[in-house]
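Input: a single structure, listed below in structure tokens.
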Amino acid sequence: MKIFFAIAAMLFVSTLLGCNDENGSFQIKIKNPNNISITDAFVEFDLNFSRDDFIIKDGDDLVPYQIVKINGNKNQVCLVINLESNQEKILTILFGKKIKKPEFKKRTYAELAMKLDNIYYEGRFRGNKFSNVNKIKVPAIHTDHDALFKYEGPGWESEKVGYRFYLDWRNATDIFGKKKDQLILANVGINDTVAKDDSYHSMQEWGMDIFKVGSSLGIGSIGMLHNDKVNMVSKTDSIYCEISQNGALLSEVKTNYYGWKVGEIKYNLESKLSITAGSRLTKNEIEISDKAKNIVTGLAKYSGTEFFRSDAAGKWTYIALYGNQTLVSANDKLGIALFYKTTNQPELSEDDLSYIVKLKPDNGKAEYYYCAAWEQEEKGIKNLDEFKNYLNQTLMILNNPLQIEIIN
Numbered sequence: 002m003k004i005f006f007a008i009a010a011m012l013f014v015s016t017l018l019g020c021n022d023e024n025g026s027f028q029i030k031i032k033n034p035n036n037i038s039i040t041d042a043f044v045e046f047d048l049n050f051s052r053d054d055f056i057i058k059d060g061d062d063l064v065p066y067q068i069v070k071i072n073g074n075k076n077q078v079c080l081v082i083n084l085e086s087n088q089e090k091i092l093t094i095l096f097g098k099k100i101k102k103p104e105f106k107k108r109t110y111a112e113l114a115m116k117l118d119n120i121y122y123e124g125r126f127r128g129n130k131f132s133n134v135n136k137i138k139v140p141a142i143h144t145d146h147d148a149l150f151k152y153e154g155p156g157w158e159s160e161k162v163g164y165r166f167y168l169d170w171r172n173a174t175d176i177f178g179k180k181k182d183q184l185i186l187a188n189v190g191i192n193d194t195v196a197k198d199d200s201y202h203s204m205q206e207w208g209m210d211i212f213k214v215g216s217s218l219g220i221g222s223i224g225m226l227h228n229d230k231v232n233m234v235s236k237t238d239s240i241y242c243e244i245s246q247n248g249a250l251l252s253e254v255k256t257n258y259y260g261w262k263v264g265e266i267k268y269n270l271e272s273k274l275s276i277t278a279g280s281r282l283t284k285n286e287i288e289i290s291d292k293a294k295n296i297v298t299g300l301a302k303y304s305g306t307e308f309f310r311s312d313a314a315g316k317w318t319y320i321a322l323y324g325n326q327t328l329v330s331a332n333d334k335l336g337i338a339l340f341y342k343t344t345n346q347p348e349l350s351e352d353d354l355s356y357i358v359k360l361k362p363d364n365g366k367a368e369y370y371y372c373a374a375w376e377q378e379e380k381g382i383k384n385l386d387e388f389k390n391y392l393n394q395t396l397m398i399l400n401n402p403l404q405i406e407i408i409n
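Quick note on numbering: the sequence shown equals residues 2 to 409 in our numbering.
Here you go:
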């Protein structure tokens, strides 16, 4: 069985190339150690040169890739390939002055769109147009339903699924279900400028907002346990949000929260939410002040769903829900899941609203993935057994990542 999603395999390469080489080539060997096929396997590696005059080939076929700047000065290369079970592929990187990077089909997207007129009265930002911005400091007066941001915050997507989070005191993540494998967020909510009866709350040709978050952890939202209660990222001194990547194969939203107050202590928190081509998974990379004892995330509770968890051994594990948990209809099926590391000493609990995963940051860092699989997706997951199979294959690849080697 093929699994359609992407998992990042990371390689830090001291390559065979020098910065002064004008023309040349080298090869990368990539092996799938699993007994399942992977479509859109996502690979990342660092190169010690700053250039974009290269192509990557799989035999005679061009391999789509994306160059990502790390800390403004280091090139990281991302690519996607298809691998059969236990298959090994050798890719060739050709570089030179006469080689031009091709334009690849855009398969991921991230955006943050807001009103720029700065006209505010009677509790709302006025204006009839949202404009995309790359980075902003969230105005201190901003709150929920004040019509400042298109669909209330940043959005990110692959062809499979879209996500957004509320860039206000709620700070919770929501799901855009898609009926077709395509990018749609650029055109979602463009006329919803009054924060009332938003179009994406009813079925559109592409799909709709299918999830009710309320005061829960939604899907993979961030919080902290204090006095046995989940504290969302609600009280802060300031928030900066940035579309840090918006490429063909990888898009990312980076948010910095300064002075997040929990009890009597304030924390600085950075969250990087990313998605890759062909994947349902959002990856959340968190960095928080060293004094933080825990980070929590989780999944919203719904009656009419089945809760289950993995019992497989490994570095990664998951919890999940499947069943009637959408805003579409009483019988509409959705699966949601959260993958997290066992090395973060997870503790599971629940309250009236959410299933909770408590993680202990490792030197101030933690990471996890979450995903949504809607039954109305094009060629989507249609039942509980298919969803469990998808999750278990995803878990297998997380615990047995691709093997990468630079060769002559």
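Glycine is no exception: its CB is placed at the ideal position from the N, C-alpha and C atoms.
Under the Cβ criterion (8 Å, minimum of three pairs), the stretch 70 to 87 does not count as touching the stretch 129 to 139.
Three or more beta-carbon pairs separated by less than 8 Å are not found between the stretch 177 to 189 and the stretch 261 to 272, which leaves the two stretches without contact. Cβ-Cβ distances below 8 Å link N332 to N325 in the same chain, with the five nearest sequence neighbours on each side left out; the list follows chain order. Nearest C-alpha to S355 among F308, R125 and V195: F308. Rounded to the nearest whole angstrom, the CA to CA distance from Q377 to W317 is 28 Å. Assignment of E85 by DSSP, reduced to helix, strand and coil, places it in the coil class. If you draw a 10 Å sphere on the C-beta of G305, you find fewer than 16 other C-beta atoms in it, and that means exposed.
Boundaries of the beta strand (DSSP E) around N247: S239 to N247.
Shown here for N172: same chain residues with a beta carbon closer than 6 Å to its own, the five before and five after excluded, namely M233 and V234 in chain order.
By the CB criterion at 9 Å, L250 and T109 fall inside the cutoff. With a contact defined as Cβ atoms closer than 8 Å, V214 and A301 qualify at about 6 Å. In the same chain as F388, and ignoring 5 residues on each side of it, the C-beta atoms closer than 7 Å to its own belong to Y323, G336, A374 and I382, in chain order. Spanning the alpha carbons of I68 and Y241 requires a straight line of approximately 24 Å. Annotation for H227: V263 and G264 place their beta carbon closer than 7 Å to its own, counting only its chain and skipping 5 residues before and after. The beta carbons of L349 and R310 sit closer together than 9 Å. Taking 9 Å as the cut-off, the Cβ atoms of K32 and Q404 count as close.
Under the 10 Å beta carbon count, N345 is surrounded by 16 or more other beta carbons and is classified as buried. Burial state of T237 is buried, judged by a 10 Å Cβ sphere holding 16 or more other Cβ atoms.
Cβ neighbours of E379 within its own chain (closer than 7 Å, five residues either side excluded): K180, K181 and D182. In the structure shown, N393 falls within a helical segment according to DSSP collapsed to helix, strand and coil. Take H202, set aside five residues on each side of it, and the residues of its chain with a beta-carbon closer than 8 Å to its own are M209, D210 and L328, in chain order. The beta-carbon distance between F27 and N409, rounded to whole angstroms, is 7 Å. This is short enough to meet the 8 Å contact definition. Proximity to I57 across K70, G97 and I37 peaks at G97, based on C-alpha coordinates. Here the alpha carbons of D198 and M204 stand approximately 12 Å from one another. Ranked by how close their Cα comes to the Cα of Y371, the residues G299, I142 and L92 have G299 in first place. In the three-state reduction of the DSSP assignment, L339 falls in the strand class. Nearest to S290 by alpha-carbon distance, out of Y258, N24 and E158, is Y258. Annotation for L92: Q28, I29, I31, I57, K58, D59 and V64 place their beta carbon closer than 7 Å to its own, counting only its chain and skipping 5 residues before and after. Taking the Cβ atoms as the reference, G190 lies roughly 5 Å from K151, within the contact range of under 8 Å. Taken through DSSP and simplified to helix, strand or coil, E387 comes out as helix. The Cβ atoms of E351 and N247 lie no closer than 9 Å to each other. Short of 7 Å from the beta carbon of S216, and not among the five residues preceding or following it, lie these beta carbons of its own chain, in chain order: L354. Restricted to the stretch 179 to 228, the beta strand (DSSP E) segments that are unbroken, complete and at least 3 residues in length are 208 to 210 and 224 to 227, listed in chain order.
By a beta-carbon distance limit of 8 Å, E271 contacts K255. Their separation comes to about 7 Å. With distances taken between CA atoms, L396 lies nearest to Y319 out of T343, L385, Y319 and V44.
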